[in-house]
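Per the numbering used here, the sequence shown starts with residue 7, numbered consecutively. In what follows, a single structure is set out as C-alpha cells and then discussed.
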Amino acid sequence: MTAGDAGPAAGGTSPAAPGPGAPGATGSNVTTAGLLGAAALTGFILILPTPEGLPPEAHRLAALFAGVLVLWSTEALPIAVTSLLALALQPLFSLTSLVSGRPPTPGAIFGAAAANFMSSVFFFVLVMFAIAYAWVKTGLARRFALWLIARAGTDATRAVYVFMIGTGMISMVVSDVPAAAIFMAIAVGILDKLGLRPGSRFGRAVMIGIPIAALIGGVGTPAGSSINLLGLVMIEQAGGERVPFLHWMAIGIPMVAVLLPVAAWVLVKFFPPEIASIGDLEEIHDDRRRIGPVSTAEWKVIAIMGAMLTLWIASTWLPVFDTFLVAVVGAVAMFLPGIGLFTWKEVQQVTGWDTLMVIGGVTSLGQASSRTGLATWLAESALGGLADWNAVALIAAISAFTVVIHLMLPIAPVINAVMIPPIMVLGAAAGVNPALYALPVIFTASCAFLLPLDAVPLVTYSRGYYRMFDMLPPGLVISAVWVVLMTALLIVIGPLVGLL
C-alpha cells in the first residue's frame, strides 16, 4: 500500500511519517503558505472565464479540486481534515449534478457527496486494517519472515534478495506499511549486530529494498492495496466493466514475480554489499525457538485468509463472492466467539483514520468529476490528441506520467482520482475497453520509487540508513522496468482477459 495504505506496524501502530505540516517553525510556514496557496489558486480559477464546453459547475469543481490538491500535497492541514473539507465544500460550490430526482438543496448535495464518501472501498480499507493487525498480533507475519531469512543462509547479496522477496510476498495479503515494518525490524537487528552504520552499502540496499518490495508486492492481488480496489471501483463508477479478481492477478502476479528479483539485482549493483556474509544467524534461530510452534491463533488466521483468498478468486466466475463482501465477512469472523483474535478497541487503535478519510475524499471528488462533466472535458481538451496513439505508446506514456506525478502528488489515492475519470473517457473515445488505459494508472500509483515521499519508504527512511537522493538512481531504473513490463503485460495478457 502506498500513501493511503498505512497499517499496523510491527509493534501494532503505524510509524509516524514526517510531513511538511509537522510542528515547528518550518511546519508553521508551510501551513500558512499551503493555506494561502490553496485559497489563491481556487479563487484564481473561479474568476477565470469558463472554458468553452466546460459546464459551469464543472468549472467550480475544478477550482475546488485544485485547492484541495494543494492542501493534500503540502499537508497545510492534516490530510483527514482536508478530506472532510472537500466533502463540506461541495454544497457551497453548488455541485447540483450530484443530485437527481429531488431539489438540489445544499443538504441534498451534501447527502449525495457523503454517500460517495462512504463507498465500499472505505469499508474494505477499514476491515483490511483489522486483518493486517491479525497477522501482526498473532506473530504469523514475523514467523514467516524469520523462517524465510533462516533458510536464506549468510550470504549478504542473497540476504538482500530474501528481504525483498519476503516483504513482497507478505505485502500481497498484508498492508504495505506493516509488511515493511516487520522486515525492517529484523534488518535493523542484523545491521546493528554487524556494526553497520547509516551510509553502509549493505544497509542502503536492504533499507531501500524493503519498501520497494512492499510496494511491488501490493499490486499482486486487488486486495494487496486499498489503491487497487479504489481504482477498480472508480472504473465501475465511470461506466467501465468490472475487472475480475483473477484477471487482475493475471497481470499482477507476473509483475511481482519479475520486478522483485530485478529490483533486488538493481539495488545490489548500485550498492554492492561491503561484507560477504551477514554472520551467523543464531539470533534468528533463537527468535524462532522463542515463538515456538504455530499457535492456535495463527492457524485461525491462516484458515480465514485461505478461505478469503479462495472466495476472492472464485468471484471471477461467481460475482456473489464480491471482494468487499468477502473482506468484511472475513474480518467479522475474526471477532466471533471461539475465534476472538482481537477486540474492537484494539482495531480502533491500529486503524489509519487518515487513510480512510483520504479514500473517502478521493472517491467523493472522483465521482463528482464524472457527474459534473469535468472528467469528460479534461479528456477532450487535455488528452483528446492522444486518442489516435496506438495502445503500446499510450499505455507506456500513461505509466511513465504516473511515475513522475508521484514527485508532485505523493498520495496515491489522489493520483487515481485525478487521472482515472478523464482516462476512462479517453479510452471510450479510442474505441477500446477503458480499463485498458485506467489499469496502468492504478498499478503504477504504487510505483513510488524515486524519492522517499510516500508513507511506505518513510518507514525505513526514518532510520537514517540512506539519504533522500540515494533512492533516485536505482529507483529510476526500477521504474523504467516497471513501465516496460506494465506495457508488455497489458498488450500480451490484455486480449486474454477481455481488455483488448
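A virtual CB, placed ideally from N, CA and C, is assigned to each residue, including glycine.
Should residue i and residue j be called a contact, given that it needs their Cβ atoms to be closer than 8 Å?
{"i": "Val490", "j": "Cys453", "result": "no"}
{"i": "Leu456", "j": "Gly433", "result": "no"}
{"i": "Gly145", "j": "Met178", "result": "no"}
{"i": "Ile115", "j": "Leu95", "result": "no"}
{"i": "Ala211", "j": "Val166", "result": "yes"}
{"i": "Pro427", "j": "Ala219", "result": "no"}
{"i": "Leu236", "j": "Val127", "result": "yes"}
{"i": "Leu42", "j": "Ile171", "result": "no"}
{"i": "Thr378", "j": "Ser103", "result": "yes"}
{"i": "Val272", "j": "Ile484", "result": "yes"}
{"i": "Ala72", "j": "Ile85", "result": "no"}
{"i": "Val131", "j": "Thr361", "result": "yes"}
{"i": "Ala353", "j": "Ala138", "result": "Sequence check: residue 353 is Val here, not Ala. Cβ atoms of Val353 and Ala138: not closer than 8 Å."}
{"i": "Ser493", "j": "Val420", "result": "A small correction: the amino acid at residue 493 is Thr; Ser does not occupy that position in the sequence shown. No, Cβ-Cβ distance for Thr493 and Val420 is not below 8 Å."}
{"i": "Gly174", "j": "Val262", "result": "yes"}
{"i": "Ile176", "j": "Ala147", "result": "yes"}
{"i": "Leu77", "j": "Ala118", "result": "no"}
{"i": "Tyr472", "j": "Met213", "result": "yes"}
{"i": "Phe99", "j": "Leu67", "result": "yes"}
If you count every other CB in all the chains shown that lies within 10 Å of the CB of residue i, and 16 or more means buried, which is it?
{"i": "Gln355", "result": "exposed"}
{"i": "Ile53", "result": "exposed"}
{"i": "Ala46", "result": "exposed"}
{"i": "Glu526", "result": "Only positions 7 to 506 of the chain appear in this structure, which leaves residue 526 out of reach."}
{"i": "Lys351", "result": "exposed"}
{"i": "Ala31", "result": "With a pLDDT of 45 at Ala31, under the threshold of 50, the modelled position of this residue cannot be trusted; read the value that follows with caution. The residue in question, Ala31, is exposed, as its Cβ has fewer than 16 Cβ neighbours within 10 Å."}
{"i": "His291", "result": "exposed"}
{"i": "Asn35", "result": "exposed"}
{"i": "Lys306", "result": "buried"}
{"i": "Ala333", "result": "buried"}
{"i": "Gly336", "result": "buried"}
{"i": "Gly215", "result": "buried"}
{"i": "Ser106", "result": "exposed"}
{"i": "Phe208", "result": "buried"}
{"i": "Trp323", "result": "exposed"}
{"i": "Leu505", "result": "buried"}
{"i": "Gly258", "result": "buried"}
{"i": "Met190", "result": "buried"}
{"i": "Ala69", "result": "buried"}
{"i": "Val142", "result": "buried"}
On the DSSP letters alone, give me the boundaries of the alpha helix (DSSP H) that residue i sits inside.
{"i": "Pro112", "result": "112-123"}
{"i": "Asn234", "result": "232-243"}
{"i": "Leu65", "result": "Correcting the residue type first, residue 65 is His in the shown sequence and not Leu. His65 -> alpha helix (DSSP H) spans 62-80."}
{"i": "Glu573", "result": "Beyond the ends of the chain as shown, which are 7 and 506, falls residue 573; an answer cannot be given."}
{"i": "Ile171", "result": "162-177"}
{"i": "Phe135", "result": "126-144"}
{"i": "Asp198", "result": "182-200"}
{"i": "His253", "result": "251-276"}
{"i": "Val489", "result": "478-499"}
{"i": "Thr466", "result": "461-467"}
{"i": "Met213", "result": "207-223"}
{"i": "Thr378", "result": "359-378"}
Report the option in the options whose CA atom is closest to the CA atom of residue i.
{"i": "Gly372", "options": "Thr56, Pro57, Ala92, Ala46", "result": "Ala92"}
{"i": "Ile308", "options": "Tyr471, Ser485, Phe150", "result": "Phe150"}
{"i": "Asn422", "options": "Leu380, Ala186, Pro110, Leu238", "result": "Leu238"}
{"i": "Pro440", "options": "Gly500, Ile417, Tyr467", "result": "Gly500"}
{"i": "Ser370", "options": "Arg469, Met240, Val487", "result": "Met240"}
{"i": "Ser79", "options": "Leu502, Met340, Leu413, Val503", "result": "Leu413"}
{"i": "Ile401", "options": "Leu496, Ile345, Glu247", "result": "Leu496"}
{"i": "Ile404", "options": "Thr349, Ala486, Pro97", "result": "Ala486"}
{"i": "Glu81", "options": "Thr38, Met474, His253", "result": "Thr38"}
{"i": "Phe330", "options": "Glu288, Gly346, Gly230, Glu386", "result": "Gly230"}
{"i": "Leu502", "options": "Glu289, Val249, Met425", "result": "Val249"}
Please find out if some non-hydrogen atom of the ligand NAD comes closer than 7 Å to the beta-carbon of residue i.
{"i": "Ala303", "result": "Among the components modelled here there is no ligand, and therefore nothing to report on the ligand NAD."}
Problem - the stretch 274-289 contacting the stretch 161-173, beta-carbon criterion three pairs below 8 Å - result: yes
Handout entry: Segment contact, 8 Å Cβ cut-off, at least three pairs: the stretch 184-203 with the stretch 313-322
Key = no
Practice task
Evaluate contact between the stretch 357-374 and the stretch 119-134, counting only Cβ atoms and requiring at least three cross-stretch pairs below 8 Å.
Solution key: yes
Practice task
Would you check if the stretch 169-186 and the stretch 296-308 touch, i.e. whether three or more CB-CB distances between them fall below 8 Å?
Solution key: no
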